[in-house]
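A.B. asks:
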Amino acid sequence: MLCDLLAADSVVYQAEDLRTGKVSRVEFHRPCSVGADDSAEGACQGHGLRAHLATLPVEPFPGFRVTMVFARRAHPFTDVEQHVCELLGEPLASVLRRLHSGRLVTPDLRDGTLTLREQEIVRLVALGRTNVAIGHELALSPRTVAKHLEHIYRKLRVGGRAEAVARALE
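Quick note, the sequence shown lines up with residues 10 to 179 if you use our numbering.
(1) Out of curiosity, what's the CA-to-CA distance linking Thr124 and Lys156?
(2) Ordered along the chain, which non-local residues of its own chain (more than five positions away) have a Cβ less than 6 Å from that of Arg163?
(3) Specify the secondary structure class of Ser33 as computed by DSSP and reduced to three states.
(4) For Val174 versus Ala142, is the C-beta distance shorter than 8 Å?
(5) Could you please give the first and the last residue of the uninterrupted alpha helix (DSSP H) stretch that includes His92?
(6) Over what stretch of residues does the beta strand (DSSP E) that includes Ala63 continue unbroken?
(7) Can you tell me the Cα-Cα spacing of Gly72 and Thr29, whole angstroms?
(8) What are the partner residues of Ala173, as DSSP defines its beta bridges?
(9) On a CA-only basis, which of Arg82, Arg106, Arg132, Thr87 is nearest Arg170? Give me that one, please.
(10) Let's test the definition: count the other Cβ atoms within 10 Å of the Cβ of Pro69 and tell me whether it reaches 16, buried, or not, exposed.
(11) Less than 8 Å between the C-beta atoms of Ser19 and Arg39, yes or no?
(12) In angstroms, rounded to a whole number, what distance separates the CA positions of Arg106 and Val67?
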């Protein structure tokens, strides 16, 4: 869940197309623990608790702006958490650029160089998944995923994840 990225109580995602003026907004909320009988919304807003914010502005391409705001009541975001928030900017921009271009990852590696399992792993890597996430999704250990990646790199004659994805998208 998005709230878990920075231990936030809520995350607001707002996208604005500067050319058309269209604004899309989605909010994700963690259930509040203040008052067992209160609604989550009432508990969050009605107790006078000050929200601490971490904001991530991203402009993945000209004319399109995205802002993600992480909020929590317990304590301010640390410098490290603010830095983690900043680090999310480029991966988010990259995903948004791929979505906008219509080029979501569907690598065409049917030429026989990679096994079906290796093709699936490259597809998941291209979607930004970690070895642990890939392992969880495919019911493999992270070490097995790493071994598959070693074979993929050798077969594609590349040095790492980014090159393998680039090669898959050629």
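Virtual Cβ for every residue (Gly too), placed ideally from N, Cα, C. Computed from a predicted structure; not experimentally measured.
C.D. replies: On the basis of the coordinates in this document:
(1) 13 Å
(2) none
(3) strand
(4) no
(5) 88 to 96
(6) 61 to 70
(7) 9 Å
(8) Paired residues: none, contrary to the question.
(9) Arg132
(10) buried
(11) yes
(12) 11 Å
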